[in-house]
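One gets my numbering by counting positions in the sequence shown from 1 and adding 874 to each.
Even for Gly, the Cβ is constructed at its ideal location relative to N, Cα and C.
Written below as structure tokens is the structure these notes are about.
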Amino acid sequence: MRTSGHLNESVGVRERNRLELRRRLSETATAMFLSEGFDAVRVADVAAACGVSTKTVWNHFPTKESLLMDRGDRLATALREATHTRSNLLGVVVSCIHDEIDELATGPAAYARDARAFVALVETNPGLRAAVADRVEQLTRLAADALAVRTGTPATSAHHHIAAGALISLWRLHLTALLEADHRALSLADTKDYVRQEVSTGADLVARLLLPSLTEPALRRSGL
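The following block contains the structure:
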């Protein structure tokens, strides 16, 4: 008879395998899109390159565009968890960005080298532009929800709308910084340092200009 510990371990292994396959599908698709063009690559081509069925790809990604937009998933998950754990949201966002910098720099898509091609690909494809906008909107909503839990005010309030946008602007900032690093032809190590510094500067601005004001309504209501 399997114990609960064995069951939990089995579930953990399955989840790791699922996430690993999802990452491999996304990175393989990204590399193929950058090399051959988004419209020229079929989902079936991505499946064949990864040795899985087309149905398996669709099970992990609902649209072709979402194969290229997988990078915000870690942040989306972290923001959902932060809603329940009351973790420092700014720290959550910055930590996720640092993780993405490390992984993107070593992945098969060679993100630092292909940043310019990635942006050009998105800019020339209406479907991809819409997917990017949807991703930013989703992340912003999640950040606003997490902020609302902390202050006991609606997620639609002006405070949360502005602050959530500022938090998620850091995610967009790291993409812009990667593109700038590519323009400057920086080495991998210098790229990491440059992007982290840009994100750190942005995080300082968010903390200083916006986040402190978010606690004021809650503090006034509590009489503190």
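- Could you give the C-beta distance for L949 and A1077, rounded to a whole number, given that I count them as a contact under 8 Å? Rounded, the Cβ-Cβ distance is 14 Å, inconsistent with contact.
- Start-to-end residues for the alpha helix (DSSP H) that takes in L1052: 1032 to 1057
- Message: Tell me which residues share the same chain as I975 and place their Cβ nearer than 7 Å to its Cβ, disregarding the 5 neighbours each side in the sequence.
- Response: H1048, K1066, V1069, R1070
- Query: With A1038 and A1017 assumed to form a contact (beta carbons below 8 Å), what rounded beta-carbon distance in angstroms separates them?
  - Reply: 4 Å
- Residue range of the alpha helix (DSSP H) that N933 falls in? 928 to 934
- Query: How about E939 and G1026: do their beta carbons lie closer than 9 Å?
  - Reply: no
- Under 9 Å between the Cβ atoms of L908 and L995? yes
- Query: Is the segment 951 to 964 close to the segment 898 to 908, with three or more CB pairs under 8 Å?
  - Reply: no
- Candidates L1079, L1052, T1075, N999: closest to E977 by CA position: L1052
- Since G1076 is in the alpha helix (DSSP H), which residue starts that stretch and which ends it? 1062 to 1083
- Taking the alpha-carbon positions, what's the C970 to A952 distance? 8 Å
- Return the Cβ separation of I1042 and L1084 in integer angstroms, given the expectation that the two are a contact with Cβ distance under 8 Å. About 12 Å; that fails the 8 Å criterion.
- Query: Can you name the start and end residues of the alpha helix (DSSP H) that V915 belongs to?
  - Reply: Counting along the chain, V915 falls outside any alpha helix (DSSP H), and DSSP gives it neither H nor E.
- Would you report the Cα separation of D919 and R892, rounded to the nearest angstrom? 20 Å
- Report the rounded CA-to-CA distance for A956 versus A921, giving the unit in angstroms. 34 Å
- Count the other CB atoms within 10 Å of the CB of H1057; is the residue buried (16 or more) or exposed (fewer)? exposed
- Helix, strand or coil for T998 per DSSP? coil
- What does a CB cutoff of less than 7 Å around K929 pick up in its chain, not counting 5 residues either side in sequence? none
- N-terminal and C-terminal residue of the alpha helix (DSSP H) that A950 is part of: 947 to 959
- Backbone secondary structure at A1022 - three-state DSSP: helix
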